[in-house]
Amino acid sequence: MTGPRVTDLLVAWRDGDRAALDQLMPLVHAELRRVAQNRLRGERANHTLQPTALVNEAYIRLVDLTRVQWQNRAQFFAVAARLMRRVLVDVAREQHAARRGGGALRVTFDEALFPSGPGDHDFMALDDALQALAQEDPRKSQVVEMRFFGGLSVEETASALGVSTDTVARDWKFAKAWLRAQLDPS
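Take the sequence shown: its letters are residues 831 to 1016, numbered as in the working numbering.
What follows is the structure, encoded as structure tokens:
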């Protein structure tokens, strides 16, 4: 997948060319699926959401977006990351409501986000923590969203946010520590 080709298609889509979206999706589908697989890795064997379903649901929501001024590949994956997060939270809430609190979707965090070791964490608790972080510092919350949910590199995240890579690295380090404290206060 080439960045300039994706950017050209995003701009064409933004300008009203619906055919550009049809050309764009095959270019980004594999990357979105890889991101979805990473987000769902470590799930229990019988969980209901598969990576392809997550990508498809995010795609449906993506197509419905009409007010996004697409700029580049990094911005696209940042928006896709936010949509995947919303899908995962919606599924977790549905399961939680259906089971009256007993079966919320669990997502295993990778060691990069929680260096103290991987483990199952409540996805709704993560969403609540990210919302609280967004109240305190919206950019740090966006960094987590782009890096963790979108699989963007530090460089891509910096480009999407219009900040330096050093700023993203500092924000990422702070956000990991902050989320760790929020999700495991002990």
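Using N, Cα and C, we set each Cβ at its ideal position, and we do this for glycine too.
Around the C-beta of Ala910, are 16 or more other C-beta atoms found within 10 angstroms, so that it is buried, or is it exposed? The residue is buried, with at least 16 neighbouring Cβ atoms inside 10 Å.
Taking the alpha-carbon positions, what's the Gln1012 to Leu892 distance? The straight-line gap from Cα to Cα measures roughly 30 Å.
8 Å contact criterion, which Ala908 and Leu982 should meet: CB distance rounded: Going by Cβ atoms, the distance from Ala908 to Leu982 rounds to 7 Å, so yes, they are a contact pair.
Would Gln905 be called buried (16 or more neighbouring beta carbons within 10 Å of its own) or exposed? It is buried - the Cβ of Gln905 has at least 16 other Cβ atoms within 10 Å.
Is the separation between the beta-carbon of Val836 and that of Arg903 shorter than 9 Å? Cβ distance < 9 Å, so Val836 and Arg903 count as in contact.
Express the C-alpha separation of Lys1006 and Val973 in angstroms, rounding to a whole number. The alpha-carbon atoms of Val973 and Lys1006 are separated by roughly 10 Å.
Nearest neighbour of Glu850, chosen from Glu975, Asp838 and Glu861 [CA to CA]: Reading the sequence as shown, one finds Ala at residue 850 and not Glu. The closest CA to that of Ala850, considering only Glu975, Asp838 and Glu861, is found on Asp838.
Assign Asp852 to one of three DSSP states: helix, strand, or coil. DSSP places Asp852 in the helix class (H, G or I) of the three-state scheme.
Do Arg915 and Leu862 have their C-beta atoms closer together than 9 Å? For the pair Arg915 and Leu862, the CB atoms are not nearer than the 9 Å cut-off.
Between Asp894, Arg871 and Thr878, which has its C-alpha nearest Arg848's C-alpha? Answer by Cα proximity: Asp894.
Outcome for Val898 when other beta-carbon atoms lying within 10 angstroms are tallied against a minimum of 16: Around the CB of Val898, fewer than 16 other CB atoms lie within 10 Å, so the residue is classed as exposed.
On the CB-based measure, 16 or more other CB atoms within 10 Å of its CB, does Glu924 come out buried or exposed? When all chains shown are included, Glu924 counts as exposed.
Let's see if you can read the secondary structure: which residues bound the alpha helix (DSSP H) around Ser989? Val984 to Leu991 is the extent of the alpha helix (DSSP H) around Ser989.
Kindly indicate the opening and closing residues of the alpha helix (DSSP H) around Asn886. Here the alpha helix (DSSP H) through Asn886 covers Pro881 to Val893.
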